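Peer 1: Sending over a structure as structure tokens; questions will come in a sec.
Protein chains in written order, with the UniProt record's numbering: chain A, 1 to 716; chain B, 1 to 371.
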């Protein structure tokens, strides 16, 4: 191994090469669960701060009392969260809460109802008052902001009037019910009863919102009311139900508050609507609707509560606390708007993370260089098959009846037959981007399809799926179980299908970015028909492309496009499981590898390493800025407008080369297949399949026979 | 660092909205691409290294190519002969009002060949050698204006001068026999186009992609006025057009990648240090098909088609402007075209003469004979 490059056969090296802090951040930002991380950290930080600065703060009794103080506000915040997720807002939550608090005391102390009746009646009051909001907003299509503002004013005025009248009654009467005392001061498993109830409510709310049909409908309405209506969701009824739910949650909060305080005054629930709004937005429930979870609402709620409570205990004046909450609301709203608008862009901006990739020295291509790579014009004489009738036959395959198949960019397998190969037919339409192909023992055509996985086509043209996912890598943030870009495949003597999934971070349309990034994002995967299981064999590999099972069936040859090297992976024998470097120095970017009739191999070079591109590969920052500042079409690329086929033997020695130096007939040549004395040529972007005569080749040799028939070399 | 540059750029755009951004302009309007340069008639066999053209008083054309100056005359300029040979490459040409032939010779200086064959040389000005004459214009009063592309490089090292971001060009004026040279302006960005009518002088600067005009009577120049601020190509020779405007040859098109590499000091310096110039990322006079030439993704041949609109390594571009600098029309040879690297243009008696240095061809448009 030369000093300028590094050992890609070692897993630890490859793993390290695939790591970068920016890349980690970009993948984290793509995760839904990462969004509340910042509020969550703030919450823990606040608690830590007060634990340090307030005596006896982090003790169990204090935490119990904090929970008891918080729970009612939690219900109110939850009501606010549901209304926000539905795309509206419920400003009346604080007033509703106060009304329900009053109602509870009224039913209990003035009317003297039993506890169960009091609870049921109060919940009914909350539901009816919320229902008024719901009717106005859902059915009459009033603006949620104004509507609930009006209800806020009316309810607040009413509760003040009622308070004046009944305050003395409440103050002189008490209930001696133990159930009532339990609601006010009891514990469940050491947790205050109201906090326990809140927790249960949260669990139910979470399942409701994230797992139930109604929760999804609610979120859909919040994301786009019009689209939800078009999708057949009963928008009016759902909105009505949302405000009823908000009212009920406030009622539950009111009941617990009444049980705890047994009094009412004009400050009950004042300003709670704004605290709840601050809390919920701070937690990451979007003001724009359609985004949020109950947990985020709670995180925000706890932050606001800890802050209010802590500042008071630190002896800071109440108006100052209000100002702080106001500023936090402002900041949270700004962050919410900016974040939801720009998150995708932010991820996009840091998703591509080029790495330094010094390539090993390249042998010369110059005609006068005397290397086996020296350019010649041997492919200029190629005969064209299906000129302008195929779009980008990445791979070509020939069956035993001499019919030629090409995998094209329109998702088809095109077949040419007849004496002059002029009869064109669509053998099968798969979709995706079919790439590498091979025959299995039953003469099914097995094809790697970028964007889909590995598929098979029966001789009658019927398409079936072989596999589309592999095992997920446990330590990767990106779910890599789906096959992103199956590129080339080959089949071992035991029927196992070995294929390359060349990138797990990009798609067919953006795979040039993977080359620009120069990181080991690909993998070698195997499908075992016996167990129907798909397993990743080599992870973190630099753009694995060409795959060929060696003539003896003991190893798989893997072409790495971005490393410009060929590797051998042992699948049988004493070295089983070992990865070796087979060809270290290549002047171009490796594509497909296939068997040759004389026991050697064919290799296509899709691109030539130009000095400028090699230099760029050593300069990751240059490439990063290029990707950001220069339009895609203007990015520096390897030399792609040429065709090159190499031949190499089992030891990795290059024997000869076939060139179309300026790509007159065959530019971006990606594959070649030998068949009965001809070499057939395919190209990723070409408008034809080509073939040249191989005078010294075995005129009876076919690919099928080399794998499954009398031309096999793995038996003798 | 990247983020910091971005912030600086954004701040600059906020605080100085009128500051010249100098982005690559898109080719539209009068610059809409066509293939008119490819369809022009070719005069005779190739003249490898053909660079500049001038029309003599007798109607013959003088063309500099390699170390020689050729004289083309007769119908369709079919007859050609070598009239002068030098020790360096002959570049800029002009005909003096007295009939003498002015030739810029790489690494040698400027020579005026009188009608009687007598040669006057100018080899240095203000104590520095005049080694890189890129354009010559003779005033009707007999005084001679000279552009020196760079004090650091010979004319054929223009790409290195661009990549070093030099501003080392000079504008000189001297007497009718190249005597008493005076430096009118210096610190120019590869000036290589010059035109004068005796009172006003037009000057093209390649690396700043602009054409300026200034009064040039006497031994000083007035403050330059920018006529063309931001061209889509690298300007070369200027020539008067009938009807009052002027022709401007552009020897290559600007690309985003080149502009980007010009901002990337680390990459550019290593490129210059380790690679042969013809493999650098940058403009070229011709696309050679060398497999080691840098390529851009847009240049990928798709379905056997070389896209004419792909980012050009070399390009043919010639444009005509009104006297006030409004573009009137343009002639192109796009990617895959034949006539790239247009270095000179001249309206002559038999038609519009265009020199494609990339192809080593002299082209003629007979429909545009000098009015």
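Ideal Cβ placement from N, Cα and C applies to all residues, glycine included. The model shown is predicted, which means the values in this text are computed figures rather than measured ones.
1. Given this structure, state the Cα-to-Cα distance separating residue 517 of chain A from residue 359 of chain A, to the nearest angstrom.
2. State the start and end residues of the unbroken alpha helix (DSSP H) segment that holds residue 339 of chain A.
3. Just to check my reading of the structure: residue 236 of chain B and residue 298 of chain B have Cβ atoms closer than 8 Å, yes? What is that Cβ distance to the nearest angstrom?
4. Closer than 9 Å, CB to CB, is residue 708 of chain A near chain B or not?
5. Using the Cβ count rule (16 or more neighbours within 10 Å means buried), how would you classify residue 631 of chain A?
6. With a 10 Å radius around its C-beta and 16 neighbouring C-beta atoms as the bar for buried, classify residue 334 of chain A as buried or exposed.
7. Does the segment 343–356 of chain B come within contact of the segment 39–53 of chain B, defined as at least 3 CB pairs closer than 8 Å?
8. Quick one: is residue 37 of chain A near chain B, going by C-beta distance under 9 Å?
9. Can you list, in chain order, the residues of the segment 629–661 of chain A whose Cβ is nearer than 8 Å to any Cβ on chain B?
10. If you drop the 5 nearest sequence neighbours on each side, which residues of the same chain put their C-beta closer than 7 Å to that of residue 87 of chain A?
11. Looking at chain A, is there any beta carbon in it that lies within less than 9 Å of the beta carbon of residue 1 of chain B?
12. Runs of 4 residues minimum, wholly inside the segment 188–252 of chain A: which ones carry the alpha helix (DSSP H) assignment?
13. Can you confirm whether residue 11 of chain B, when its beta carbon is compared against all beta carbons of chain A, has any partner nearer than 9 Å?
14. In chain A, which residues lie with their C-beta within 8 Å of the C-beta of residue 255 of chain B?
15. Considering only the beta carbon of each residue, do residue 508 of chain A and residue 432 of chain A sit closer than 9 Å?
16. Can you name the residues of chain A whose CB is closer than 9 Å to the CB of residue 179 of chain B?
17. Would residue 475 of chain A be called buried (16 or more neighbouring beta carbons within 10 Å of its own) or exposed?
18. Counting only C-beta atoms, is residue 375 of chain A closer than 9 Å to chain B at any point?
19. Measuring alpha carbon to alpha carbon, tell me which of B:304, B:368, B:151 ends up nearest residue 663 of chain A.
20. If I follow the unbroken beta strand (DSSP E) through residue 497 of chain A, where does it start and stop?
21. Does the Cβ of residue 28 of chain B have 16 or more other Cβ atoms within 10 Å, making it buried, or fewer, making it exposed?
22. As a quick exercise: from A:303, A:417, A:415, A:329, pick the residue whose alpha carbon is nearest that of residue 287 of chain A.
23. Would you call residue 263 of chain B buried or exposed, if buried means 16 or more other Cβ atoms sit within 10 Å of its Cβ?
24. Within 9 Å of any Cβ in chain A, is that where the Cβ of residue 7 of chain B sits?
25. Is there contact between the segment 313–333 of chain A and the segment 266–279 of chain A, where contact requires at least three CB pairs shorter than 8 Å?
26. Going by DSSP, what residues sit across from residue 195 of chain B in a beta bridge?
27. Express the C-alpha separation of residue 8 of chain B and residue 580 of chain A in angstroms, rounding to a whole number.
28. Among the candidates B:198, B:233, B:162, B:188, whose CA atom is the shortest distance from the CA of residue 212 of chain B?
29. Let's test the definition: count the other Cβ atoms within 10 Å of the Cβ of residue 565 of chain A and tell me whether it reaches 16, buried, or not, exposed.
30. Given this structure, state the Cα-to-Cα distance separating residue 294 of chain B from residue 281 of chain B, to the nearest angstrom.
31. Specify the secondary structure class of residue 83 of chain A as computed by DSSP and reduced to three states.
32. Any idea which residues DSSP pairs residue 658 of chain A with across the strands?
33. Considering only C-alpha positions, which residue in the set A:696, A:676, A:688 is nearest to residue 711 of chain A?
34. Compute the beta-carbon to beta-carbon distance between residue 130 of chain B and residue 92 of chain B, rounded to the nearest angstrom, for a pair I have assumed lies under 8 Å.
35. Comparing C-alpha positions only, which one of A:397, A:466, A:709 sits nearest to residue 683 of chain A?
36. At a CB distance below 9 Å, what residues from the segment 310–326 of chain B approach chain A? Give them in sequence order.
Peer 2: Well, looking at it:
1. Here the alpha carbons of residue 359 of chain A and residue 517 of chain A stand approximately 14 Å from one another.
2. Run containing residue 339 of chain A: 318–351, per the alpha helix (DSSP H) assignment.
3. Rounded, the Cβ-Cβ distance is 25 Å, inconsistent with contact.
4. Among the CB atoms of chain B, none fall inside 9 Å of the CB of residue 708 of chain A.
5. exposed
6. exposed
7. yes
8. no
9. Here the close residues are 629, 630, 631, 632, 633, 634, 635, 636, 637, 638, 639, 640, 641, 642, 661.
10. 221, 222, 225, 289, 290
11. Here the model assigns residue 1 of chain B a pLDDT of 44, short of 50, so the residue's position is not dependable and the matter cannot be decided.
12. 193–211, 213–223, 225–230
13. no
14. 634
15. yes
16. Result: empty, since nearest Cβ-Cβ is about 47 Å, beyond 9 Å.
17. exposed
18. yes
19. B:304
20. Segment 497–501, the beta strand (DSSP E) holding residue 497 of chain A.
21. exposed
22. A:329
23. exposed
24. no
25. yes
26. B:202, per the DSSP bridge assignment.
27. 48 Å
28. B:188
29. Buried, because 16 or more other Cβ atoms sit within 10 Å of the Cβ of residue 565 of chain A.
30. 6 Å
31. helix
32. A:645
33. A:676
34. About 11 Å separates the two Cβ atoms, so there is no contact after all.
35. A:397
36. 310, 311
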